[in-house]
Structures are given as structure tokens and as C-alpha cells.
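To start, the structure itself, in C-alpha cells.
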Amino acid sequence: MRSRHEDAVKLGDYVSCYAGCSFAIGKEGRCTVGDFTLMNGAMVMAEELIEIGSYCLISWNVGIADSDFHPIDPAQRRLDALALAPYYKDRPPRPPIRTAPVRIADNAWIGMNAVILKGVTIGENAVVAAGSVVSKSVAANTVVAGNPAIVVKTLEATNLTGRRG
């Protein structure tokens, strides 16, 4: 894990981060992951806040980001390139970037190669299909797919014993 400060990433009990899983946490960034969550080769990029609940399944090559990484404005983006050049002697400070927290509720499943963008909340029990790009929040108990992700199915609520109701 790469972080510019202590306690940037907090993992709950029995969290599993398998091969290729990484956390890139900025100076002000924070990430929390709830209990019993499994992450496989996911990349979590936090400049502000990313919260991942308990019992979540996050598959290979999933990207979760709470920022745009770089300014949209071309002049600001050029400044950003100068600021990020490690051997440039006159490096300016980085221009501000837009951030918005990402929240993934309990028991969500994020499929392989999905991208979760800034400001998104994924509801409890929601499923994000493989390859989806999620730019808007997802309600609980729904399945979304596509680019941009849209609702393709509503799940019937079940309790933890598997009984419907």
C-alpha cells in the first residue's frame, strides 16, 4: 500500500486483498473496508474518502476512484503535468482536482473490470456487472450493467438466512 500519511487505510476483520490489489492514497485521502470483504486485483484510489462495506466482493481489475485525477481544463492539465514531472526543477504546485466520496454498502458485488467513479454510492446488495462504468449512484438490491451503467434488474430482498421477505 502506498500512502502519504498514517492510518490512511483501515481494514476490517477478515478482509482478504488478493494478488494485484492496491491502494493509492493521496495526502488527504482515506479508505475504510468493512469486515469479510474480498478484493481481488482491485485498485482503490482515494484523494478524499472511499468507504467499502462488509461482505463485499470486488473482482479483478476493478477501479474505484474518488477524483478526476487531473484537471479537466487544458491549461490546468498542462500545469498538472509540470507539477508531476519528478525531475523538472521548476515544478509548480499541483492545481486543485475535483473529488467526491465513494461509498459501497454492505454485500455489494463489483464485477471484473468495472470502474466506480467519484461521488457514487453503491447500495446494499447491489451488483455491478463486469466491465460497467458507474458514474451515478446505484440503489440497493439492483443490478447495473453497461457504459454508462444502467439498471438491468431489481433483486428481491432476502434476509441473511436466504428467506425472501
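With our numbering, you'll find the sequence shown wraps up at 1113, consecutive numbering, no jumps.
Note that beta-carbon positions come from the ideal geometry of N, C-alpha and C, so glycine has one too.
Note that the structure is predicted; figures quoted are calculated from it, not measured.
By alpha-carbon positions, which one of the options ends up nearest to residue i?
| i | options | result |
| --- | --- | --- |
| Thr1102 | Ser1080, Lys1084, Val1082, Val1076 | Val1076 |
| Leu959 | Ala967, Ile973, Phe984, Val1082 | Phe984 |
| Leu997 | Thr1106, Glu976, Asp961 | Glu976 |
| Gly982 | Cys965, Asp961, Ala990 | Asp961 |
| Ala1053 | Arg1046, Pro1034, Ala990, Asn1073 | Asn1073 |
Kindly indicate the opening and closing residues of the alpha helix (DSSP H) around residue i.
| i | result |
| --- | --- |
| Leu1115 | No answer is possible for residue 1115: it lies beyond the span of the chain, which begins at 949 and ends at 1113. |
Is residue i near residue j, with beta carbons less than 8 Å apart?
| i | j | result |
| --- | --- | --- |
| Ile1070 | Ile1006 | no |
| Asn1061 | Ala1078 | yes |
| Gly974 | Glu995 | yes |
| Ala1056 | Gly1094 | no |
I'd like the span of the beta strand (DSSP E) that includes residue i, first residue to last.
| i | result |
| --- | --- |
| Ile973 | 970 to 973 |
| Ile1000 | 997 to 1000 |
| Tyr986 | The displayed chain sequence assigns Leu, not Tyr, to residue 986. Looking at the DSSP string, the run of the beta strand (DSSP E) that includes Leu986 is 986 to 988. |
Report back the beta-carbon spacing between residue i and residue j to the nearest angstrom; my notes put them in contact at under 8 Å.
| i | j | result |
| --- | --- | --- |
| Pro1043 | Gln1024 | 4 Å |
| Met993 | Ala1013 | 4 Å |
| Val1081 | Val1063 | 5 Å |
| Met987 | Ser964 | 7 Å |
| Thr1090 | Val1099 | 5 Å |
Less than 7 Å separating the Cβ of residue i from some heavy atom of the ligand ATP?
| i | result |
| --- | --- |
| Val1076 | Absent from the structure shown: the ligand ATP. Ligands present: none. |
On the DSSP bridge list, what partners appear for residue i?
| i | result |
| --- | --- |
| Thr1102 | Thr1090 |
| Lys958 | Thr980 |
| Tyr966 | Asn988 |
| Trp1057 | Leu1005, Val1075 |
| Gly1011 | Met991, Val1063 |
| Ile1070 | Ile1052, Val1086 |
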